[in-house]
Amino acid sequence: MPRAPFKSDRVVITGVGLLTSTGRDRESVWQAVREGRSGLRHVDRPDMIPGGKMVAAPVDIESDIVGQVRNIPMCRLVVAEALRDSRLNFARVEGHRVGCSITAHMTDHEFLARAAGREDLIPAGKIPWWQQWLPNTACSLIGNEFGLFGPRISIATACASSTIGVHGGVRAIQDGQCDVMVVGGSEVIFPMVAAAFHNMRVLAYHDDPQQACRPFDADRSGFVMGEGAAMLVLERLDHALARGAAIYAEVAASQLMSDARHVTSLDADSEVLTHLIRTSLRRAKLSPHDIDYVNAHGTGTQQNDAMEAQAIHTAFGRAAQSTCVSANKSMLGHLVTASGAVELGITALALRDGYAPPTLNLTNPDPRCDLDCVPLVGRQRPLEHALKLSVAFGGHMAAVVLRRWRGAGERRSILPLPYRQAA
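Following our numbering, the numbering of the sequence shown begins with 503 at its first residue and continues without gaps.
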């Protein structure tokens, strides 16, 4: 029987699952972020960088299956949490109306060990490499395990991957292909990628690892690689309301653009990012003064932070001075393909609790980044609208605008208030 036309193309967030170096679930990660607790530490990895001593934000999690890529147990954990949080009853939904958008990931690198003559590094009884050599392995396995038989999307667009995946999930719902999309991604530090970033001189090093990543600070020297995962449950508004779902926020707009100039360098004039911000606000029918919080890409590199700050200044005009801007990578590290989803999940929680999280290590603000970057200590304030930005190698740029949900199903803060307030 033909399906009746859906009543709304509005999309809301009804579930969030998080895993980072600071916590293994949504609320513990959010509490750490609110309190400015860092997950960065020194790790000894001679297989990644010369000398082996690097700063990273790793996650201790392994699969029950010997040799399985760690992205899969990460995704399993956060998908389960997000679905529990959404209270989606699969007995009352059609499996083919629930899809997933889970980012691509680095895959089985057994071939590298064999090529190097180091078969001793391959554990006995290891899962065959051909079962996990495709970059969409996590998307496929997790989709099958949880009965997500609607549209499946697996995107590889570097640091913007999961933000673009969110956009794909929104469009799948708005196009009528499904009612619900589970969107997000995972990141595991991969030796070749770490070595490449080290050779590009974009990684930060510091005697105190927790001070290594310094977004928008004049003394910033690069980013720190992080691990973790995040999933969001996106749902068509009328579907969510009909089942009495609790709602974090509405996706007021999502927008993609590209800086088609260079693989790694960015337009110093930030023309494309400025245009992306303006277009996103226009699609959301908002003015710059309506945006209370910007979750910046904020890598801590010289080029990214200056360009991003200038774009916000240019797009927001006078409103830039009254908008809180912060960078979660200062305490979580850069989760690359998962960074957008993790930071969008944090943004949804910031709206829920009316709390702008801090930017750690911002002790000497760069005059070129003259914004209210919430240095060191977070801030309680009403937050109704937020903007999430992602910028990636290859020129990929993405923005998502969230509107805090008010009315039926409104999420209320469930955390106590022991966190530090700004003086």
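For each residue, glycine too, the CB sits at the ideal point set by N, CA and C.
Could you have a look at Gly525 and say whether DSSP puts it in helix, strand or coil? Sequence index remark: in the sequence shown, residue 525 carries index 23 (1-based). Three-state DSSP puts Gly525 in a strand.
What residue range is occupied by the uninterrupted alpha helix (DSSP H) comprising Cys577? Numbered from 1 along the sequence shown, position 75 holds the residue referred to as residue 577. That run of the alpha helix (DSSP H) goes Asn573 to Ser588.
Beta-carbon proximity list for Ser541, same chain, < 8 Å, skipping 5 on both sides: Residue numbering aside, residue 541 sits at position 39 when the sequence shown is read from its first letter. According to the sequence displayed, residue 541 carries Gly and not Ser. Cβ neighbours of Gly541 beyond the five flanking positions: Thr522, Ser523, Thr524, Ala534, Ala559, Gly728, Met833, Leu834 and Gly835.
Rounded C-beta distance between Gly842 and Lys890? I'm assuming under 8 Å. As a first step, residue 842 is located in the sequence shown; it is residue number 340 there, counting from the start. As a first step, residue 890 is located in the sequence shown; it is residue number 388 there, counting from the start. Rounded, the Cβ-Cβ distance is 7 Å, consistent with contact.
Asp622 - DSSP class collapsed to helix/strand/coil: Here residue 622 is taken as the residue at index 120 of the sequence shown, counted from 1. It is helical.
Interface flag, Ser828 vs chain B, CB-CB below 8 Å: As a matter of chain content, chain B is missing from the structure shown, which is built from one protein chain.
Hey, how far is the Cα of Cys715 from the Cα of Gly896? Within the sequence shown, the letter at position 213 stands for residue 715. Within the sequence shown, the letter at position 394 stands for residue 896. So the two alpha carbons sit approximately 23 Å from each other.
Under the rule that 16 or more other beta-carbon atoms within 10 Å means buried, what is Ala762, buried or exposed? The count along the sequence shown starts at 1 and reaches residue 762 at position 260. Label assigned to Ala762: exposed.
Name the DSSP beta bridge partners of Ser760, please? The residue you call residue 760 lines up with position 258 of the sequence shown. DSSP, once it has assigned bridges, lists His898 as partnering Ser760.
Counting pairs of Cβ atoms below 8 Å between the region 749-760 and the region 774-790, do you hit three or more? yes
From Pro552 to Arg512, what does the alpha carbon distance come to, in whole angstroms? Within the sequence shown, numbered from 1, the residue matching residue 552 stands at position 50. Within the sequence shown, numbered from 1, the residue matching residue 512 stands at position 10. If you take the alpha carbons of Pro552 and Arg512, they lie about 50 Å apart.
Terminal residues of the continuous alpha helix (DSSP H) containing Asn701? Position 199 of the sequence shown holds residue 701. Its alpha helix (DSSP H) spans residues Pro693 to Met702.
Can you list the alpha helix (DSSP H) stretches of 4 or more residues lying completely in the region 848-917, in chain order? none
Let me check understanding here. Comparing Cα to Cα, which of Cys871, Leu579 and Thr861 lies closest to Val879? The residue labelled residue 879 in the question sits at position 377 within the sequence shown. With distances taken between Cα atoms, Val879 lies closest to Thr861.
Sequence-distant residues of the same chain with beta carbon closer than 8 Å to Arg913, five excluded per side: For the purposes of this step, residue 913 is identified with residue 411 of the sequence shown, where counting begins at 1. Ala748, Ile749, Tyr750, Arg854 and Trp907.
Cut-off 7 Å between Cβ atoms - residues of its own chain near Ala910, not counting five sequence neighbours on either side: Here residue 910 is taken as the residue at index 408 of the sequence shown, counted from 1. Here the set comprises Leu743.
Once the 5 residues before and after Ile793 are set aside, which same chain residues still bring their CB inside 6 Å of it? Within the sequence shown, numbered from 1, the residue matching residue 793 stands at position 291. Closer than 6 Å at the Cβ level, and outside the excluded window around Ile793, lie Thr825, His887 and Leu889.
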